[in-house]
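Quick note, this note's numbering runs 38 ahead of the 1-based positions in the sequence shown. Positions of the beta carbon are idealized from the N, C-alpha and C atoms, including for glycine. Predicted, not measured: the structure shown is a model, and the values here were computed from it. Report on the following structure.
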Amino acid sequence: MGAAGELELGVERFLADGFALRPQLASFLDISPEELERRLPSSTDDLAALHPGAFDPDQAGRFYEDTVGTGHLLELAAWHLGSADYIADTLRLQQRFARGQVLDFGGGIGSHALAAAALPEVERVWFVDLNPHNRAFVQARAAELGLGAKLSCYRDMADPALPGRFDTIVCMDVLEHLSDPAAQLALFAERLAPAGIALLNWYFFKGFQGEYPFHFDAPELVEAFFRTLQSRFLEVFHPYLITTRAYRLA
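Right under this line is the structure:
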């Protein structure tokens, strides 16, 4: 495959095949395409089955880093393939704002990181995720798509290889999994460039029937989050009817 470009990894390509997600994932997991299709529909239930025995809210980071293993790849792949229209709008939003040095925090299987790396306005994407399988998969995807020189993967934001400031921060479907999302917002505010944009969403809700057991929803946690958000950031309007919001520093 030649060098990737904006059109090659744009929204239409994502809607067509998730940036070649199925064959890449089957190859990475060393399973057949048929086995992948068999496992995808049950991936969410399989991951949830690890709760409550394996999930300790005080050890959430260790859970995502060690316990979920490659099961998180399958669950995320099923979500991205089944919610492609929604994710396509988040990619359109990213195209609108992403530039310079981009942090993709908790980037999962890399849909946003790969799309950002293909944008000419983006110099480099810094992909951060606790799960080593996620990092390895995204690095492999980037290399296969010709984006290895513009995307690199790290465990956390404390890595000294990361730049001090980012022009764009992308954090989608992550904040509700953190035991202190307000602290994460404060860190984003410290690392966002003065003219930078942060693209964020959240869902602090365990579900009407407990279908999201890994989400935090304590009222005091949610209040602290919104107080921090309102004191450190100012929302920037965008036209897409999605839960993701754009923010600049207040």
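Residues in its own chain within less than 6 Å of W164 by CB, not counting five upstream and five downstream?
The answer, listed in chain order, is L141, L200.
Three or more C-beta pairs under 8 Å: does that hold for the region 263-274 against the region 207-225?
Output reads yes: the region 207-225 touches the region 263-274.
Can L47 and L63 be called in contact, C-beta distance under 8 Å?
No, these two residues do not count as a Cβ contact at 8 Å.
Contacting residues, own chain, Cβ-Cβ under 6 Å from D127 (five flanking each side not counted):
Within the same chain, D127 has close Cβ partners Y278, I280.
Excluding the 5 residues preceding and the 5 following A153 in the sequence, name in chain order all residues of the same chain whose CB lies nearer than 6 Å to its CB.
So the list reads L47, L129, once near-sequence residues are dropped.
Are the CB atoms of A115 and L12 within a distance shorter than 8 Å?
The displayed coordinates of the chain run from 39 to 288. Any statement about residue 12 would go beyond what the structure contains.
Use the C-beta contact count for A196: other C-beta atoms within 10 angstroms, 16 or more gives buried, fewer gives exposed.
So A196 counts as exposed.
If you compare alpha carbons, which of P170, F52, H215, A156 is closest to G120?
When only C-alpha atoms are compared, the closest one is F52.
CA-to-CA distance, A136 to V160, given in whole angstroms:
Their Cα atoms are separated by approximately 7 Å.
Is R193 helix, strand or coil by DSSP?
Coil at R193, not helix or strand.
Secondary structure of V212, DSSP reduced to three states:
When secondary structure is reduced to three states using DSSP, V212 falls in the coil class, being assigned neither helix nor strand.
Applying the criterion that 16 or more other CB atoms from any shown protein chain within 10 Å of the CB defines a buried residue, is G144 buried or exposed?
Counting Cβ neighbours within 10 Å, G144 comes out buried, since at least 16 surround it.
Is the number of C-beta pairs between the region 238-253 and the region 174-186 that are closer than 8 Å three or more?
No contact exists between the region 238-253 and the region 174-186.
Kindly indicate which three-state DSSP category Y241 falls into: helix, strand or coil?
Three-state DSSP puts Y241 in coil, outside helix and strand.
Cβ atoms of L272 and P232: under 8 Å apart, would you say?
Contact: no.
Proximity below 8 Å, CB of A122 to CB of A155:
Taking 8 Å as the Cβ cut-off, A122 and A155 do not qualify as a contacting pair.
Flag this pair as yes or no: are the beta carbons of H253 and N172 separated by less than 8 Å?
No, they are not a contact pair.
Is it the case that the Cβ atoms of T206 and G234 are separated by a distance below 8 Å?
Cβ distance < 8 Å, so T206 and G234 count as in contact.
Under a Cβ-count criterion, where at least 16 other Cβ atoms within 10 Å of its own Cβ denotes burial, should F246 be classed as buried or exposed?
Classification of F246: exposed, given that the 10 Å Cβ count is below 16.
Who are the near neighbours of F204 in its chain, counting only those whose CB is closer than 8 Å to its CB and skipping five residues on each side?
G138, Q139, V140, L141, W164, R229, L230, A231, G234.
Which term fits G248, buried or exposed, when burial requires 16 or more other beta carbons within 10 angstroms of its beta carbon?
Under this definition G248 is an exposed residue.
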